[in-house]
Amino acid sequence: MSLRICILETDILRPELVDQYQGYGQMFQRLFSQQPIAADFTVYNVVQGQYPSDDEQFDAYLVTGSKADSFGTDPWIQTLKTYLLDRYQRGDKLLGVCFGHQLLALLLGGKTERASQGWGVGTHRYKLAAKAPWMSPVMKELTLLISHQDQVTQLPENATVIASSDFCPFAAYHINDQVLCFQGHPEFIHDYSRALLEIRQQHLGEQIYSQGVASLEHEHHGTTVAEWMMRFVAQKQL
Numbered sequence: 002m003s004l005r006i007c008i009l010e011t012d013i014l015r016p017e018l019v020d021q022y023q024g025y026g027q028m029f030q031r032l033f034s035q036q037p038i039a040a041d042f043t044v045y046n047v048v049q050g051q052y053p054s055d056d057e058q059f060d061a062y063l064v065t066g067s068k069a070d071s072f073g074t075d076p077w078i079q080t081l082k083t084y085l086l087d088r089y090q091r092g093d094k095l096l097g098v099c100f101g102h103q104l105l106a107l108l109l110g111g112k113t114e115r116a117s118q119g120w121g122v123g124t125h126r127y128k129l130a131a132k133a134p135w136m137s138p139v140m141k142e143l144t145l146l147i148s149h150q151d152q153v154t155q156l157p158e159n160a161t162v163i164a165s166s167d168f169c170p171f172a173a174y175h176i177n178d179q180v181l182c183f184q185g186h187p188e189f190i191h192d193y194s195r196a197l198l199e200i201r202q203q204h205l206g207e208q209i210y211s212q213g214v215a216s217l218e219h220e221h222h223g224t225t226v227a228e229w230m231m232r233f234v235a236q237k238q239l
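This is the structure in structure tokens:
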């Protein structure tokens with residue numbers, strides 16, 4: 002029986018990217034189709050006010066990345082926070098990526114802010130700081146595509162760090178068997194990262210832009226993280 006995953010899409014792509022990439026919901030569906038655990042996905046764009054009806058049942062809720070700040074005051078962000086807190090209190094499993102990773106940390110007692118380290122772009126390598134049964138296949142380290150200028154600077158009290166680097170100490174975490182979040186983007190592909198770098202070249206500055214482009218020569222472990230996520234959802238809560 003397939004897992005049922007609700008994707009809460011927290012962005013609308015730039016017009017020049019929509020034709021090729023559609024949106025983060027579509028990117029995640031493509032990514033998860035490459036891993037061995039069967040799952041069905043329904044996408045709701047929460048920026049546009051779309052949410053599941055009360056009678057819909059899901060095995061997990063995934064919060065995507067966004068151009069918005071997790072600590073922003075936009076009405077749609079406040080609505081999403083209320084919705085996610087309710088789902089958390091009901092015991093639902095929650096997954097977060099980039100904006101979602103930060104928003105869930107903030108919502109559950111942590112802290113998120115503009116990072117003093119500046120922009121992180123391209124591919125980034127992390128040390129794995131914890132092991133869990135759902136982290137299969139086993140990895141010695143993790144490389145993911147990233148694009149962020151905000152970071153989690155304090156984790157919720159009951160969170161466990163999974164991956165870290167000097168640049169991003171809280172790059173992934175889980176809260177027991179209920180919440181799993183990654184700062185990096187498993188759903189990104191190199192071409193999409195390159196397109197973002199081109200769009201932001203002037204804003205990033207030549208040094209960060211050039212380093213980001215050069216780093217795209219390296220592979221990333223997006224499909225591995227996708228499998229971890231689905232194994233995390235599939236395992237029974239203790």
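Sequential numbering from 2 applies to the sequence shown in this note's numbering. C-beta atoms are modelled at their ideal positions from N, C-alpha and C, and glycine is treated no differently. Please read these numbers as outputs of a predicted model, since none were measured by experiment.
Within the stretch 9-47, the complete beta strand (DSSP E) runs of at least 3 residues fall at 40-46.
Beta bridge pairing from DSSP links Q155 with K112. Annotation for R126: the continuous beta strand (DSSP E) segment containing it runs G121 to L129. Rounded to whole angstroms, the separation of the alpha carbons of Q36 and V139 is 15 Å. Per DSSP, the continuous beta strand (DSSP E) segment holding H149 begins and ends at E142 to H149. G123 places its beta carbon less than 9 Å from that of S194.
V180 places its beta carbon 9 Å or farther from that of Y52. Rounded to whole angstroms, the Cβ separation of G111 and P170 is 12 Å, and the two are not in contact under 8 Å. If the five residues before and after G185 are omitted, its C-beta is found closer than 7 Å to the C-beta atoms of H125, L145, L146, I147 and A172, all from its own chain and listed in chain order. Distance between I163 and P16, taken at the CA atoms: about 35 Å.
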